[in-house]
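What follows is a set of notes on a single structure, which appears directly below.
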């Protein structure tokens, strides 16, 4: 049977990362079992045929993806999951022990967790460390452990952005030659769109909320309060600073000129890139998908997108949302309806938690869903989205358009003028700074006039 092992892996700078590896079962003499999925029948008795590294969404621990990773490993995929430094299980040993001694959900745990985040160095950010120290180390481990196999970086939300910010030599080492070419390297982006504030469904409201709930507390508390927005668990300062830089820039994760160059060059060398998004995702809309993919180079036409509206599929698919597509479902005893399976967890996994409460539906969403006339799906995710992910990881297969599924191949005509976007943003930022300066000067003037008025009143009173 497939096995999974949790261990500590040093990041490139030596930081102890929590990593899980999921190994497929060795070949069996038994005949493969029948299945509605062609992939599962072909691979049920095979050793690893591909590698998948699952890269977490903002504030979501690796434990959340464990059931999905185990599912892939039973289908012939060697899988790695991991936690970024100062998230999930990736804390220094003494700090991790302290976290494990307190009960999650209590004020004591919140205080200890807050102390742990403050301990993280302020210059340890998303690109510099979570991507190019942590993720890069996991990629190196996977390539050394399962050499010669196709590699897919499966990034959920934030994880998808980090996958495209890896330096080229990490995925395509210089040692690769024509005599020993590198196996196919692919990216599977699940709900990792351009979340620049103007791309939100209610832009001004989104910006106001981030200004008040995220930006201000980041400087006063030293912590990125992603939990305040339902975006999983809180993040350390450096990661939060980078996240905010993205949020306030139209190029989002490619706002750094060097990062843009890295991402475009990497995209041109990939075997394939597939973006999968869902209409029922309350966090990332289709405009965000479009405005992210339009920033890459499409000369090779190797970028694909698949926008899925689950209830409109035939037959209807179950809910997918922002992170829910990775949660297995199981049928009730009568087989009439599918239920979500609980995310596996254990005592040793407590500090980061499974993050099942991350990205919960809002009260408005719940009300709308309960009054909706949309059909209830008779299918599970194992019968719908899991086979789609699996076929891409194993073979690079991109499904064609179908009811409820909009497929698109991106071309050079779809690329936006990134230079013009930067110029517009810089111009708007300059105007905003000038307005802010005028507001401050006006407030200072009013304050000075008020003080002078009060002084004159006191003089009159003395007379």
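Numbering (my numbering), first residue to last: 146 to 608.
A virtual CB, placed ideally from N, CA and C, is assigned to each residue, including glycine.
What you are looking at is a predicted structure, and each value in this text was computed from that prediction instead of being measured.
For a quick check, are the C-beta atoms of residue i and residue j less than 7 Å apart?
i	j	result
residue 156	residue 287	no
residue 467	residue 419	no
residue 169	residue 195	no
residue 363	residue 385	yes
residue 383	residue 270	yes
residue 206	residue 226	no
residue 423	residue 472	no
residue 310	residue 404	yes
residue 307	residue 280	yes
residue 217	residue 313	no
residue 530	residue 574	no
residue 346	residue 433	no
residue 158	residue 278	yes
residue 545	residue 552	yes
residue 291	residue 193	yes
residue 262	residue 395	no
residue 358	residue 372	no
With DSSP as the reference, please indicate the residues paired to residue i in a beta bridge.
i	result
residue 418	332 and 448
residue 222	195
residue 155	161
residue 256	Per DSSP, none; premise fails for residue 256.
residue 300	200 and 334
residue 550	453 and 547
residue 559	Partner(s): none; residue 559 has no beta bridge.
residue 168	148
residue 423	453
Restricting to Cα atoms, I'd like to know which of the options is closest to residue i.
i	options	result
residue 340	203, 293, 216 and 604	203
residue 547	278, 566, 267 and 460	460
residue 417	426, 447, 395 and 326	447
residue 381	594, 558 and 275	275
residue 528	561, 474 and 543	474
residue 429	370, 457, 348 and 585	348
residue 328	309, 406, 606 and 414	414
residue 214	272, 298 and 158	298
residue 267	192, 523, 198 and 366	366
residue 522	544, 154, 192 and 463	463
residue 456	408, 425 and 445	425
residue 264	601, 568 and 368	368
residue 332	151, 350 and 296	296
residue 284	602, 162 and 262	162
residue 556	585, 435, 355 and 357	435
residue 458	526, 406, 394 and 407	526
residue 645	272, 571 and 572	With the chain represented from 146 up to 608, any question about residue 645 goes unanswered, as that position is not in the structure.
residue 154	171, 228 and 211	228
residue 444	592, 524, 558 and 601	558
Put residue i into one of helix, strand or coil per three-state DSSP.
i	result
residue 407	helix
residue 453	strand
residue 529	coil
residue 522	coil
residue 309	coil
residue 148	strand
residue 469	helix
residue 368	strand
residue 362	helix
residue 228	coil
residue 317	coil
residue 596	helix
residue 441	coil
residue 236	coil
residue 396	coil
residue 380	strand
residue 276	helix
residue 538	helix
residue 269	coil
residue 327	coil
residue 246	coil
residue 375	coil
Mind the definition here: the region 377–390 touches the region 235–245 only if three or more C-beta pairs lie below 8 Å; say whether that holds.
no
Touch check for the region 391–405 and the region 429–441: three-plus C-beta pairs under 8 Å?
yes
The region 225–234 touching the region 325–336, judged by at least three CB pairs closer than 8 Å
no
May I ask you to verify whether the region 530–550 touches the region 207–225, counting CB pairs closer than 8 Å and requiring at least 3?
yes
Tell me whether the region 301–312 and the region 251–261 touch, counting them as touching only if at least three CB pairs, one residue from each stretch, are closer than 8 Å.
no
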